[in-house]
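Worksheet: one structure, shown below.
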Amino acid sequence: MKKYSNDKELNKFIRQLIKDGIASFRPGKKHDFLFVNQSQKITIPGTPSDRKAYLNFKTDIRRALQCQRIPFQQR
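For the sequence shown, the numbering used here puts the final residue at 959, and the numbers step up evenly by one.
Set out below in structure tokens:
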């Protein structure tokens, strides 16, 4: 099982996005990325400093999906 971040909630959320086909994972030299529908690139926080990093990441995903007019379901 791939570890995307040191935060367990963030890992669970990213795995669900990839499983649902909403996003795809691309490794980078320093940072890993999620591509939402092959157009929006979102950086994955590898070592988030606080709980707000997880909430900010979810907000970035929601905004990317709204640009594509895809409904986002809170989990």
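Note that CB positions come from ideal geometry on N, CA and C, so glycine has one too.
Backbone secondary structure at residue i - three-state DSSP
i, result
"residue 925", "strand"
Closest Cα partner of residue i within the set the options
i, options, result
"residue 933", "899, 891 and 901", "891"
"residue 907", "937, 913, 927 and 893", "927"
"residue 899", "917, 911 and 886", "886"
"residue 894", "920, 948 and 937", "937"
"residue 904", "935, 950, 921 and 911", "921"
Beta-carbon proximity list for residue i, same chain, < 6 angstroms, skipping 5 on both sides
i, result
"residue 930", "889"
CB of residue i within 8 angstroms of CB of residue j, strictly
i, j, result
"residue 897", "residue 925", "no"
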